[in-house]
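Just so we're aligned, residue 12 is where the sequence shown starts under the numbering used here, counting upward by one.
All C-beta atoms in this analysis are idealised placements derived from N, C-alpha and C, irrespective of residue type, glycine included.
Heads up: the structure comes next, in structure tokens.
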Amino acid sequence: MPHRLLIEFDIEYQSQFSRFLKAREVVRGEEFRLNLSATNLGESKFPGADVEKLSIDYRPHGVLQSSWGVSSKGEVLCPEIEPGKRVRFFSKDALALEEGTAWIHVKMQPK
Numbered sequence: 012m013p014h015r016l017l018i019e020f021d022i023e024y025q026s027q028f029s030r031f032l033k034a035r036e037v038v039r040g041e042e043f044r045l046n047l048s049a050t051n052l053g054e055s056k057f058p059g060a061d062v063e064k065l066s067i068d069y070r071p072h073g074v075l076q077s078s079w080g081v082s083s084k085g086e087v088l089c090p091e092i093e094p095g096k097r098v099r100f101f102s103k104d105a106l107a108l109e110e111g112t113a114w115i116h117v118k119m120q121p122k
């Protein structure tokens, strides 16, 4: 049965530079908190999932410079979600080591 989830991220940032930043911008070398949320866009209850892969890749100029992630089954879980509801399933303090574009990859296996 296919599921329809919207995965979104937001950033919590407490720094002297906060007032200069646009949404979803960070400063290299300054700590921030990365949050991932899922919204169930389907008509039935989402049964929850194991996050099989979660990674952040820094790709300045289109070339992979560094990567961070988790790949251990059961390390990150997404709970059951009722239709129309949103839940935060991941939150972690992070530090941008590179400058440029970052890609967030999430692969889930529903239960």
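Original post:
If you compare alpha carbons, which of ILE115, ASP104, SER48 is closest to VAL98?
Top reply: SER48
Original post:
Leaving out five residues before and five after LYS118 in sequence, what residues of the same chain have Cβ atoms less than 6 angstroms from its Cβ?
Top reply: GLU63, LYS64
Original post:
So which of GLY53, LYS122, VAL38, PRO94 has the shortest CA-CA distance to ALA105?
Top reply: VAL38
Original post:
Secondary structure at PHE28, three-state DSSP: helix, strand or coil?
Top reply: coil
**OP:** Count the other C-beta atoms from every protein chain shown that fall within 10 angstroms of the C-beta of ILE92, then say buried if there are 16 or more, exposed otherwise.
**Re:** buried
**OP:** Return the Cβ separation of ASN51 and PHE101 in integer angstroms, given the expectation that the two are a contact with Cβ distance under 8 angstroms.
**Re:** In fact, because the Cβ distance is near 16 angstroms, the residues do not count as touching under 8 angstroms.
Original post:
Can you tell which of LEU17, TYR69, LYS122, PRO121 has the C-alpha that lies nearest to the C-alpha of GLU110?
Top reply: TYR69
Original post:
For PHE43, does the count of other Cβ atoms within 10 angstroms reach 16, so buried, or fall short, so exposed?
Top reply: buried
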